[in-house]
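Asker:
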Ligand SMILES: [Zn+2]
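Numbering (my numbering), first residue to last: 3 to 427.
#1: Mind checking who residue 171 pairs with in its DSSP beta bridge?
#2: CB-CB under 8 Å to residue 198, same chain, minus the five flanking residues each way: which ones, in chain order?
#3: Can you check which of these residues, 146, 43, 411, 105, is closest to residue 166 by C-alpha distance?
#4: For residue 243, is the beta carbon positioned less than 7 Å from some heavy atom of ligand 1?
#5: At what residues does the beta strand (DSSP E) containing residue 354 begin and finish?
#6: Could you check if residue 149 belongs to the surroundings of ligand 1, using beta carbon to heavy atom distance under 7 Å?
#7: Is it true that the segment 213-222 meets the segment 168-175, where meeting means three or more beta-carbon pairs spaced less than 8 Å apart?
#8: Can you tell me the Cα-Cα spacing of residue 417 and residue 407, whole angstroms?
#9: For ligand 1, is there a heavy atom less than 7 Å away from the beta-carbon of residue 319?
#10: How would you write the range of the alpha helix (DSSP H) that residue 368 sits in, first residue to last?
#11: Looking at the unbroken beta strand (DSSP E) that takes in residue 85, where does it start and where does it end?
#12: In angstroms with no decimal places, state the Cα-to-Cα distance between residue 138 and residue 47.
#13: Just to confirm the assignment: which complete beta strand (DSSP E) runs, minimum length 3, are found wholly within the segment 230-285?
#14: Looking at residue 361 and ligand 1, is the gap between the Cβ and the nearest heavy atom below 7 Å?
#15: Determine the closest residue to residue 409 out of 76, 130, 53, with distance taken between C-alpha atoms.
#16: Out of curiosity, what's the CA-to-CA distance linking residue 415 and residue 123?
#17: Compute the beta-carbon to beta-carbon distance between residue 255 and residue 247, rounded to the nearest angstrom, for a pair I have assumed lies under 8 Å.
#18: Using a Cβ-Cβ cutoff of less than 7 Å, which residues in the same chain neighbour residue 365 once the five nearest sequence positions on both sides are dropped?
#19: Look up residue 142 in the DSSP assignment and say whether it is helix, strand or coil.
#20: Taking C-alpha atoms, which residue in 84, 202, 107, 342 lies nearest to residue 92?
#21: In its own chain, which residues sit with a C-beta less than 8 Å from the C-beta of residue 23, not counting the 5 before and 5 after it?
#22: Taking all protein chains shown into account, do 16 or more other C-beta atoms lie within 10 angstroms of the C-beta of residue 71, making it buried, or fewer, making it exposed?
#23: Under the criterion of a Cβ to heavy atom distance below 7 Å, does residue 222 qualify as lining ligand 1?
#24: Please report the Cβ distance between residue 430 and residue 250, rounded to the nearest whole angstrom; I am assuming they are in contact, meaning their Cβ atoms lie under 8 Å.
#25: Given 8 Å as the limit, is there contact between the segment 98-116 and the segment 387-399, that is, 3 or more CB pairs closer than that?
#26: Whole angstroms is fine: what's the gap from residue 257's alpha carbon to residue 95's?
#27: Given this structure, state the Cα-to-Cα distance separating residue 268 from residue 88, to the nearest angstrom.
#28: Work out the CA separation of residue 153 and residue 144 for me, nearest whole Å.
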């Protein structure tokens, strides 16, 4: 009897907790149908900042620590059927002043070292074929994208070297305007020297990326840089981690006009999961606390500097996390609204996933706590009437199509010029 009573109690508490979860706006569990669609896809995410952890924290991607708040581990990737991750090679421009390329190299090394530590579950990948090979072997394909053109130190030779080391996309700017591309991050700052978009050298960088077969990433750039890039590129572009401005009014997001231009160009917009980019209420709350949050970070850095101690990304991130946690998390539907909007405006062939995992100080919508939660996105798309085929495109098929086309354009440009190639720059 005791058993029956306690079982009854369990059923009642399960019902109560589900009602509570639904009231909280948490997503429903993943159905067998959604799980099966999700697992039939090659899931590609184009932006994770985990290399900062590899380098600063000596984080091991094989970690099984249940208390680790990071978004990416091999277990989490496996649970979410994540097939390929583009690890972000992001060089913080203030603390690395004077040695951008060296820090770029250190971050590239950190990704290779993780792959070397886990050869049974992870492999470096440099092409669409590599991603497919990794998928067959049930390994996580590790790719790299440089986030911020300042990494090449205005030297086209370094761009080629980074390609040779395996970098397969470059975001033309991060939040900082560099010497050849304006950024959306400081476009209103009169102290920064802007160029009205891309300079002539910036256009040469885009064309050299086309020739090499490196995807041109327009996330973070100013609106004018975006339009200059679209007018210059000979291959489809990507937005590795950007959402829709019509829904969340942030300059990092893309206007409907830009979404349509990416569709015309044949490219893909990979939706960023950051709560401040996918939910207008969160964005406003985040903006309202920005002054105090920045002051807390500056104060911490000043105290470290006074004590002669370095400041790592992880230290800063810890403070940012405390502030972000003060704002209520948006529902998962906010993120899905962005995927849906881009699919409607640009077309279902031009939208994908660019999580920004490990780069958003823990601020993701409810239900998305790590790569293990990616199947919930498939469930939500299924609930909104998306077909299995379209869901597979969003999960990775579109990105693979664009990557293949970038490889094809590169092959054509190189075939046409190899016999007459001279040192151009
Ligand atoms: Zn970014």
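Note that the Cβ used here is the ideal one computed from N, Cα and C, for glycine as well.
Answerer: The short version:
#1: 147, 217
#2: 184, 226
#3: Checking every option, the nearest Cα to that of residue 166 belongs to 146.
#4: yes
#5: 353-355
#6: yes
#7: yes
#8: 15 Å
#9: no
#10: Here residue 368 belongs to no alpha helix (DSSP H), and DSSP marks it neither H nor E.
#11: 84-92
#12: Rounded to whole angstroms, residue 138 to residue 47 spans 18 Å at the Cα level.
#13: 270-273
#14: yes
#15: 130
#16: 35 Å
#17: 4 Å
#18: So the qualifying residues of the chain are 276, 277, 278, 326.
#19: strand
#20: 107
#21: In this prediction, residue 23 has a pLDDT of 44, which is less than 50 and means its spatial position is unreliable; what the coordinates show is noted afterwards. Cβ neighbours of residue 23 beyond the five flanking positions: none.
#22: exposed
#23: yes
#24: A query on residue 430 cannot be resolved here, the shown segment of the chain reaching from 3 to 427 and no further.
#25: no
#26: 27 Å
#27: Distance between the alpha carbons of residue 268 and residue 88 is about 20 Å.
#28: 20 Å
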